[in-house]
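**Student:** Residue numbers (the UniProt record's numbering): 1 to 290.
1) Quick check on this structure: which residue in 34, 89, 32, 6 has the alpha carbon closest to the alpha carbon of residue 173?
2) For residue 274, count the other beta carbons within 10 Å of its own beta carbon; 16 or more makes it buried, fewer makes it exposed. Which is it?
3) Helix, strand or coil: which one does DSSP assign to residue 179?
4) Please classify residue 246 as buried or exposed, where buried requires at least 16 other C-beta atoms within 10 Å of its C-beta.
5) Could you tell me whether the Cβ atoms of residue 146 and residue 130 are closer together than 8 Å?
6) Please name the residue, chosen from 134, 270, 175, that lies closest to residue 96 on a Cα-to-Cα basis.
7) Nearest-angstrom Cα distance between residue 87 and residue 116?
8) Please name the residue in 266, 8, 276 whose C-alpha comes closest to that of residue 65.
9) Tell me the rounded alpha-carbon separation between residue 138 and residue 223.
10) Do residue 150 and residue 74 have their C-beta atoms within less than 8 Å of each other?
11) Give me, in chain order, the residues of the same chain whose beta-carbon lies closer than 8 Å to that of residue 41; leave out the 5 immediate sequence neighbours on both sides.
12) Per DSSP, what kind of secondary structure is residue 39 in: helix, strand or coil?
13) Going by DSSP in three states, residue 53 sits in which element: helix, strand or coil?
14) From the DSSP output, which residues share a beta bridge with residue 44?
15) For a test of the three-state rule: what should DSSP assign to residue 161, helix, strand or coil?
16) Would you mind working out which of 39, 82, 18, 264 sits nearest residue 161, comparing C-alpha positions?
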């Protein structure tokens with residue numbers, strides 16, 4: 001059992017890392033907040049001074065603002081549904097004794113280690129290309145017209161790419177949880193005559209609930225900042241159909257050089273992320289306390 005002395009020593013040893021991490025986070029946030037109240041253009045680095053909440057008003061009045069918020073939440077929710085459901089199914093499949101189990105698990109997990117821009121390029125040019133992609137070949141094989149994914153269904157294409165990247169992470173976490181399930185409980189349920197669906201609903205799923213909430217929490221934080229996949233594939237278009245909040249901030253900062261509005265958008269993005277994380281943390285905390 002830890003004594004007061006060991007706890008004090010632990011705090012002392014952790015303090016430098018905590019302080020460094022705090023400074024690493026707070027300095028960019030302070031500068032972002034500062035520039036959100038300034039009129040500043042890097043091409044003409046002469047500040048016009050304090051402009052109050054004008055940048056926030058301009059960013060809010062942007063035609064792409066509301067659609068970017070909706071697209072951001074759509075990406076988060078859709079990818080979570082795909083990865084959690086798909087992760088549960090893949091985890092149950094990989095938990096079965098099959099030949100080459102180790103190799104199969106490595107292959108399933110491998111997409112998580114592909115960099116987002118590379119993954120987006122592969123999907124854009126080799127899988128979803130309307131003429132030369134795999135999906136186009138499959139459609140022509142069945143006599144259907146190929147779909148221009150990035151022209152007709154850009155947000156769906158982004159969701160599929162991001163879900164493909166995050167599905168291995170969810171599968172790994174859920175598989176670890178599934179393997180910790182006591183085999184005696186499974187045998188007892190089978191002896192009591194419980195069918196597959198009953199065992200899954202009343203035994204397996206409750207056991208995996210903590211892992212599911214952790215997956216949702218971690219993925220939500222990262223999915224709120226999806227950017228590279230949009231830049232490489234659709235560039236936010238057509239129009240604002242696939243523009244999310246981080247990409248809108250990028251457009252304001254590096255394409256229009258409106259640093260003040262981009263900073264205001266960054267502050268809004270941080271607030272949105274904290275709101276989502278707050279409710280996610282409450283859900284995870286309630287689940288972990290059970």
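Yeah, the Cβ is synthetic: ideal placement off N, Cα and C, and Gly gets one too. Since this is a predicted model, take the numbers as computed values, not measurements.
**Tutor:** In terms of the structure at hand:
1) It is 89 whose Cα lies nearest to the Cα of residue 173.
2) In summary, residue 274 is exposed, with fewer than 16 beta-carbon neighbours lying within 10 Å of its beta-carbon over all protein chains present.
3) In the three-state DSSP reduction, residue 179 falls in the helix class (H, G or I).
4) buried
5) Here residue 146 is near residue 130, since their CB atoms are less than 8 Å apart.
6) 175
7) 19 Å
8) 266
9) 30 Å
10) no
11) 257, 258, 259
12) coil
13) coil
14) Under DSSP, residue 44 shares a beta bridge with 41.
15) helix
16) Comparing Cα-Cα distances from residue 161 to each of 39, 82, 18, 264, the minimum goes to 82.
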